[in-house]
Each structure stands twice: as structure tokens, then as C-alpha cells.
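*Asks:* Heads up: the sequence lines are chains G and L, in that order. full-length UniProt numbering puts the first residue of the first sequence at 1, with every later residue one more than the last. full-length UniProt numbering puts the first residue of the second sequence at 1, with every later residue one more than the last. Glycine included, each C-beta is placed from N, C-alpha and C at the ideal position. Take a look at the following structure, please.
2 protein chains.
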Amino acid sequence: MHLSGRCVCDSDPLFVEEKHIHAADLVVGALENAFQECDEVIGQEMEATNQTGGCTALAALYFQGKLYVANAGDSRAILVLKDNIVPMSSEFTPESERQRIQHLAFLFPKLLDGEFTRFEFPRRLKGDDVGHKVLYRDYFMEGWGYKTVEKADLKYPLVHGHGKQARLLGTLAVSRGLGDHQLKVIDTNIGVKPFLSCIPKVNVFDFALHDIKEDDVLVMATDGLWDVLCNDEVAHVVRSFLAENRTDPQRFSELAKCLVCRARGKKRGHRWMLDDSHEASYDDISVFVIPLHNREED
Amino acid sequence: MHLSGRCVCDSDPLFVEEKHIHAADLVVGALENAFQECDEVIGQEMEATNQTGGCTALAALYFQGKLYVANAGDSRAILVLKDNIVPMSSEFTPESERQRIQHLAFLFPKLLDGEFTRFEFPRRLKGDDVGHKVLYRDYFMEGWGYKTVEKADLKYPLVHGHGKQARLLGTLAVSRGLGDHQLKVIDTNIGVKPFLSCIPKVNVFDFALHDIKEDDVLVMATDGLWDVLCNDEVAHVVRSFLAENRTDPQRFSELAKCLVCRARGKKRGHRWMLDDSHEASYDDISVFVIPLHNREED
């Protein structure tokens, strides 16, 4: 099957139909492969130029009447439509991917180099916990069990902390992304990359099934925005800003700026504050606002 | 935290609350551990007694006002309530678990012993496909991509076939279950067990949130029933049978028998038929019907 719907191979249509393969599946597959290839290229470039670093990755593609959002990391994309909000991604963090990460450590214990425990505990264990029963979770558990604490359980946990504080190997707050091929846990030879996946989850939105209005937009932003503003708050800013700025030809990029400023807050003395009581975002705040109306039909 | 809600460890309640750990999570964890331990014991027993074999596993537990259904395999449990049907499990098959299975083969290629390809293709490839582009999926793909066929791609696929015909290593129609520790692909030394998970998915139903009626039941059955009757058809049989048999004290086990007979069909010549045109179930048909009303409150 070709993207145009034409069959490439005369013997295939039956099987393609049996497997329910549609043109959209080829776009999803292309994005999945693109993330893998991109990560490889980044790795080669970084090594060749002796650079380090990595990033969360969020990509949007509009093609043949459908919007594809591919996400590997802790950024987020939402559609703000007239009457509802459509989440187009979910975050990949050490917490949301605990079982995948623990399973890898179970399969390849050497990756922890004797420095970490793959078990999760509700809190860091101390020396006097040894011999007592505590709650724990292993890779195959969504629920919790009890185990008697051994000395090895006192090691730092592979996945530890809660919410914004959750860390992979005490190092990274994300569990998917591009780059970071050379990243080691500080003062050790333990690589983070084996646990860091570059595989995106791709969500598809079919415009044919929705009546898109003039102020409907796609908002893509890094965690700096979402840490301090929830989807509903962002949607409220989007709707009121666009309603008040009907004619400005730059209104979508102005809206993106407005969202960044909201999350950055205001400087009060030496601190950036959202208001009198809440600290503003201290993380990177990148925001894109993309109008969905009047799309060029291909 | 103890199942009674009492805290075992004075220093823990804060962390238990932070992690949102509830008594139900301990029951889920206990079921997950029980499946693992059960599988180990089966493996030891089988080896000691020189037996072979394995099974799909579906367990239901009622405890402190909640129903827990743990499933590892292709059986299914549903609640048939007065006004709706609540699925309590989903099937684990080579198709539904393709990515997990392919990923394992990617991590440990030796498990395929050069006899299988981990790629999925819409159909078996033939010699004259070599050099041509065909659709394929690897472990990291929900979508499809194109690859140029190499000779190695002509090997039998790790996961192949569609629906009821889908097979793991050309051997098993399920991807989770207990036992089968010694199972090999016919005429090879390739073990199936590494790909066969014994980890259940546990679903919880809270009776406190529902008004349970006299004829509400839990139906647990093997694939022999679900192959020929969908949830709606089973619910229809349940409701009409129980409405017509109000007083029979054995009515729930009679209903289970009735469901088995429906799926087994009637003998016409040498074949078992559902009606004139549809063949009856040729798979194992085991059915349990468990009333939900008048539960002993513990």
C-alpha cells in the first residue's frame, strides 16, 4: 500500500486489509523510525564533535488531513478547540515508566554496577530498616508488596522520588528523549542511555471528524509551562487571548509569548513569582502555538 | 500500612500517602507475586514428575468490598450487571503483545537461534520477494514501515498470523500463562518460555460504587466460549436464563452449563455446529458463573 492508497504489490492488498493497515500507519511508522535515526545521528555528531547533552523531543506533522504528534520525553501537546481540550501526548518520566526501567535492570543487572537497587520503596531506607518489613515494588508489580530489608536494599533506587522530583538513576527527570549517549551517573561509570528510550508514542487526530474553528490551536510546550499551568489554565489563556486579539496578524506567536510570560512569572526581589505565594517555573519554558484553521489541503 | 488500614511503621504514613498507596494495592501486589510463585512451583513440580504442559490463568478474589480479577492468558472475565457489562480482563495473545515479544528477541537474539525473524510482515515472504520492498514492523513500531527484503527475512516470523490463528514462535496462541517451562518449538531446541510471561494484569471492581442486583454475576470463561459468543451475547443468555429460572437453587451452575452447551453447539453428522452455517467452538470451553449479590461482608 502506498500513501496515495495505491497498492505497490499486487499480491499484498488482501493481507494489508486483513491486518487493517491504513495510510496513517505508514506515517506513524515513519515517525517512529525517524526518532530512532535522529537519535543515532545525534550520537554520532556528539561523539565526532566531543559534545554532550540531550533533550526531550516532541514533533507535530500535518499530512493528508491528519495531525500526527510524536512524543519522547516530558514535553506536552494539547489541542485547544472551541468546546474541548484534546491531549495529544502523555509524558514519559521515571515514574510513568518505572516498570519498563526496572525490567531492563532485571534483565541486565550489570547496568546498575552494584551501585543501585532496582526495587522501588516508598522512602529511602536507612541502616536500621535492615531486617524489618517494608513496602516495595518490582518490575512486574503495579501493586505493592512487603519485603524484609536486606543490606543491598539500602543502595540508591534506580527510580526514586515523586512527581517533579522523580529521577532515573538519581540523574534524569525524563525517561525518553534524544541524545545523552555519553551521560554517566556522577562519579561512576554507569551509563544512563540504556534506560533512556528514544521511541516516541504517536497520537493521531483526524480533522475530517471535527469541525475546526478559527481560534482552534495546537499548543506544544516543554515542562516549564506545564509545571505551573494545567491544561485548563492554558486553554483559558488561549481562548481569552485570541478573543481579545482578533486582528493582529502575529496573534499566535504573541499568544505563545504570553504563555511563556505567564509561566515565568514576575521578579520580586531575587525570586520569580507567579503571584504572592507561588514560585514561577524554574525550568525551560518553550511554547509553540499553531493555528489549525485554514490548513492548506494537500 | 496494613490491610486493616493500620500503619505498621510509624515513620511510613507520610510516604505511603505521598505515593498514594492504598490497601487495594497490597492485594494487587499479592496477586502479582502469587502468579510468579505459582509458576515457579509448577516448573519445579513438572520437572520433578517429568510432566509437561501449561495453561492460561484467570483468578478472581473478593476481599473487603472489592473484586480483584487477575489474568495471564487468553481467558476472559466480565461482570454482567442489570444495565451494563463491565470487562474485568483483556486477553494476552501474540498479537496483543507483539511489541513486548519482539523487544525481547531484539535484546536477546540468541533466543531465536537463527530460525526465526523478529520482524512482522503482513504475509509470509517468499524467495522472489528478496530485493523488493515490503511492509514490516519492528519492536518499537505501532505503525508500519517499508524494508527491502533480505534472505534472513524469509525465516518464520516470531509472531505470525492474525486473530485466532496468531502464533508465538509458530507454537502458542497465548503470550501469558503458567507452566510450559520445557516447551520447545517442534524439531528445534528453541524454548518458548522466555517469551511467555506469567505476570497477570489485575483489575479491581469496587462494590461500594455500585448497586448490585440479585441477578448480577461474574462470568469467567476460557477462549472456547468467547471465540463463538461475544460479551453482549453472553450477557443476553445470562439475563434471560436467570429471569426464567428465579427459584432453582442451582441456577448459577445451570447457567454455566447452559453457556458451555451454547458454545459447544449441536452435532450434525460428524461436525459440531452453532446453527446451519457456523461451526461451534473447537477449543476448551470452561465457564464459571459467580453471583455477586448477598456477598458475605468481611
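(1) Consult DSSP for R98/G and reduce its assignment to one of helix, strand or coil.
(2) Return the Cβ separation of S281/G and V234/G in integer angstroms, given the expectation that the two are a contact with Cβ distance under 8 Å.
(3) Just to confirm, is the Cβ distance from A59/L to L31/L under 8 Å?
(4) Out of curiosity, what's the CA-to-CA distance linking F207/L and A24/L?
(5) Give, in chain order, every residue of the stretch 96–110 of chain G whose Cβ lies closer than 9 Å to some Cβ of chain L.
(6) Would you report the Cα separation of H160/L and P94/L, rounded to the nearest angstrom?
(7) Taking the straight line between their C-alpha atoms, what separation do you get for S286/G and H103/L?
(8) In whole angstroms, what separates the C-alpha of A77/G from that of V217/G?
(9) Is there a Cβ of chain L sitting closer than 8 Å to that of V69/G, yes or no?
(10) Can you tell me whether S240/L is helix, strand or coil according to DSSP?
(11) Could you name the residues of chain G that F92/L contacts, counting a contact when the two beta carbons are closer than 9 Å?
(12) Does the Cβ of H20/L have 16 or more other Cβ atoms within 10 Å, making it buried, or fewer, making it exposed?
(13) May I ask you to verify whether the stretch 43–56 of chain G touches the stretch 175–190 of chain G, counting CB pairs closer than 8 Å and requiring at least 3?
(14) Could you pull out every residue in the same chain whose Cβ sits closer than 8 Å to the Cβ of Y146/G, ignoring the five residues on either side in sequence?
(15) Between E91/L and the rest of its own chain, which residues show a CB-CB distance below 7 Å, the 5 nearest in sequence each way excluded?
(16) Compute the distance between the beta-carbons of D283/L and D223/L, then report whether it is under 8 Å.
(17) Should the stretch 188–203 of chain L be called in touch with the stretch 113–123 of chain L, which here means at least 3 C-beta pairs below 8 Å?
(18) Have a look at R251/L, Q51/L, A34/L, M220/L and flag the residue whose alpha-carbon is nearest the alpha-carbon of E214/L.
(19) Flag I285/G as yes if its beta-carbon sits less than 8 Å from any beta-carbon of chain L, otherwise no.
(20) Tell me whether R194/G is buried or exposed, calling it buried when 16 or more other Cβ atoms sit within 10 Å of its Cβ.
(21) The ligand FAD and H236/L: does the residue's C-beta get closer than 7 Å to at least one heavy atom of that ligand?
(22) Using 10 angstroms around the beta-carbon of A243/L, count the other beta-carbons present and answer buried if the total reaches 16, otherwise exposed.
(23) Look up H293/L in the DSSP assignment and say whether it is helix, strand or coil.
(24) When you compare each of R262/G, L183/G, F288/G to N50/G by their alpha carbons, which one comes out closest?
(25) Name the chain G residues whose beta carbon is nearer than 8 Å to that of E32/L?
(26) How close, in whole Å, do the beta carbons of V202/L and V28/L come, if the pair is a contact with beta carbons under 8 Å?
(27) Name, going along the chain, the residues of the stretch 36–55 of chain L whose beta-carbon falls closer than 7 Å to a beta-carbon of chain G.
(28) Can you pull the chain L neighbours of I199/G, defined as C-beta to C-beta under 8 Å?
(29) I'd like to know if P157/L contacts chain G, where contact means its C-beta is closer than 8 Å to some C-beta of that chain.
(30) Could you give the C-beta distance for L172/G and I101/G, rounded to a whole number, given that I count them as a contact under 8 Å?
(31) Does the CB of D113/G have a neighbour CB from chain L at under 8 Å?
(32) Can you grab the Cα-Cα spacing for the pair L255/G / A34/G, in whole Å?
(33) What do you reckon, are the CB atoms on T52/G and V174/G nearer than 8 Å?
(34) Whose Cβ in chain L lies nearer than 7 Å to the Cβ of D25/G?
(35) Taking only the alpha-carbon atoms, compute the straight-line gap between S68/L and F241/L and give it to the nearest angstrom.
*Replies:* Working from what's here:
(1) Here R98/G sits in helix by DSSP.
(2) The C-beta separation of S281/G from V234/G comes to about 13 Å, leaving the pair out of contact by the 8 Å criterion.
(3) A contact, by the Cβ cut-off of 8 Å.
(4) In this structure, the CA atom of F207/L is about 13 Å from the CA atom of A24/L.
(5) Listed by position along the chain: L104, L107, F108.
(6) Rounded to whole angstroms, the separation of the alpha carbons of P94/L and H160/L is 8 Å.
(7) Each residue's CA atom was taken as its position, placing S286/G and H103/L some 33 Å apart.
(8) Looking at the backbone, the Cα of A77/G and that of V217/G are separated by about 10 Å.
(9) Using beta-carbon distances, V69/G does not count as an interface residue toward chain L, since no partner is under 8 Å.
(10) If DSSP states are grouped into helix, strand and coil, S240/L belongs with the helices.
(11) Those within 9 Å of F92/L in chain G number zero; the least Cβ separation is about 13 Å.
(12) Taking all protein chains shown into account, H20/L has fewer than 16 neighbouring C-beta atoms within 10 Å of its C-beta and is therefore exposed.
(13) Yes, the stretch 43–56 of chain G touches the stretch 175–190 of chain G.
(14) Closer than 8 Å at the Cβ level, and outside the excluded window around Y146/G, lie K133, V134, L135, Y136.
(15) Excluding residues within five positions, the ones whose Cβ falls inside 7 Å are D74, R76.
(16) Yes. Within cutoff.
(17) Taking 8 Å as the limit for Cβ pairs, the verdict is that the stretch 113–123 of chain L does touch the stretch 188–203 of chain L.
(18) Closest by alpha carbon: R251/L.
(19) Closer than 8 Å: no.
(20) Before going further, note that residue 194/G is Pro rather than Arg in the sequence given. The residue in question, P194/G, is exposed, as its Cβ has fewer than 16 Cβ neighbours within 10 Å.
(21) Inclusion of the ligand FAD in the displayed structure is not the case, the ligand content being empty and no account of it being possible.
(22) Around the Cβ of A243/L, a 10 Å sphere holds fewer than 16 other Cβ atoms; the residue is exposed.
(23) Looking at H293/L - three-state DSSP - the assignment turns out to be coil, as it is neither helix nor strand.
(24) Closest option to N50/G, Cα to Cα, is L183/G.
(25) F140, M141, E142, G143, G145, listed in chain order.
(26) About 5 Å separates the Cβ atoms of V202/L and V28/L, confirming a contact at the 8 Å cut-off.
(27) Taking a C-beta cut-off of 7 Å against chain G, the contacting residues of the stretch 36–55 of chain L are Q36, listed in chain order.
(28) The contacting residues are F140.
(29) With 8 Å as the cut-off, P157/L does not count as an interface residue toward chain G.
(30) Separation of the CB atoms of L172/G and I101/G is rounded to 11 Å, and the pair is thereby denied contact status at 8 Å.
(31) No, no contact with chain L.
(32) Roughly 30 Å separates the two Cα atoms.
(33) The Cβ atoms of T52/G and V174/G lie no closer than 8 Å to each other.
(34) Here the neighbours are G143, W144.
(35) Note that residue 68/L is Tyr in the sequence shown, not Ser. When rounded, the distance between both Cα atoms is 26 Å.
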